[in-house]
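S.K.: Just so we're aligned: the sequence shown equals residues 671 to 801 in our numbering.
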Amino acid sequence: MPKLIVMTDMATTRQVALREPETTVGRASTNDIVIDHEQVSRFHAVLITEGTRVTIKDLNSRNGVQVNGVKVASQALSHGDTLSIGSSQMRFLGGDQEITAVEALRLMTTPGLLVDLDRRAEAPDTVPLAR
Numbered sequence: 671m672p673k674l675i676v677m678t679d680m681a682t683t684r685q686v687a688l689r690e691p692e693t694t695v696g697r698a699s700t701n702d703i704v705i706d707h708e709q710v711s712r713f714h715a716v717l718i719t720e721g722t723r724v725t726i727k728d729l730n731s732r733n734g735v736q737v738n739g740v741k742v743a744s745q746a747l748s749h750g751d752t753l754s755i756g757s758s759q760m761r762f763l764g765g766d767q768e769i770t771a772v773e774a775l776r777l778m779t780t781p782g783l784l785v786d787l788d789r790r791a792e793a794p795d796t797v798p799l800a801r
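1. Between which two residues does the beta strand (DSSP E) containing Arg761 stretch?
2. Short check: CB of Thr683 to CB of Ala774, under 9 Å?
3. Between Leu747 and Ile675, what straight-line distance do the alpha-carbon atoms span, to the nearest angstrom?
4. For Arg697, which option in Val735, Ala687 and Phe713 has the closest C-alpha, if you only look at C-alpha atoms?
5. I need the boundaries of the alpha helix (DSSP H) containing Ala771, first residue and last residue.
6. In its own chain, which residues sit with a C-beta less than 6 Å from the C-beta of Leu763, not counting the 5 before and 5 after it?
7. Exposed or buried, what is Arg723 when buried is set at 16 or more other beta-carbons lying within 10 Å of its beta-carbon?
8. Would you check if the distance between the CB atom of Thr700 and the CB atom of Ser758 is smaller than 9 Å?
9. Report yes if the C-beta distance between Gly805 and Val704 is below 9 Å; otherwise report no.
10. At 3 residues or longer, and completely inside the stretch 695-723: list those beta strand (DSSP E) runs for me, N to C.
11. With distances taken Cα to Cα, identify the nearest neighbour of Ser731 among Gly750, Glu708, Thr719 and Gly739.
12. Note down the Cα distance separating Val686 from Asp766, rounded to an integer number of angstroms.
13. How big is the Cα-Cα spacing for Glu768 and Met671?
14. Which first and last residues belong to the beta strand (DSSP E) in which Leu753 is found?
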């Protein structure tokens, strides 16, 4: 199931599974993902999930949405994309891989770590015995 890792400051991350057809992001408490920051509009963006495809759409916010550093009005997301809304950073994970809270924090703060986690997910569960 697709998910977002949301980092609202340098030490706090959370994982949000994108189970619903729409997941709203904004400052208002009625949003699915609440980001309490002055640069975030009350109703800032929506993530639209259709199967494994997820699109982020800016809801005419004042400060916009960035995907991989580029301001977008609407953008289909790819595994590993980085989103910026206000001062919050998010990382989109397109697969079913489960990661721990420590891995989520490292993923948000360590360049290149996503590749290592993807390789771990593809590795076999057993280790060959030495001869």
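Backbone N, C-alpha and C fix where the C-beta goes; we use that ideal spot for every residue, glycine too. The structure presented is a predicted model; accordingly, all values stated were derived computationally and were not measured.
M.R.: According to the structure data:
1. Ser758 to Leu763
2. yes
3. 13 Å
4. Phe713
5. Ala771 to Thr779
6. Lys673
7. exposed
8. no
9. A query on residue 805 cannot be resolved here, the shown segment of the chain reaching from 671 to 801 and no further.
10. 715-720
11. Glu708
12. 12 Å
13. 10 Å
14. Thr752 to Ile755
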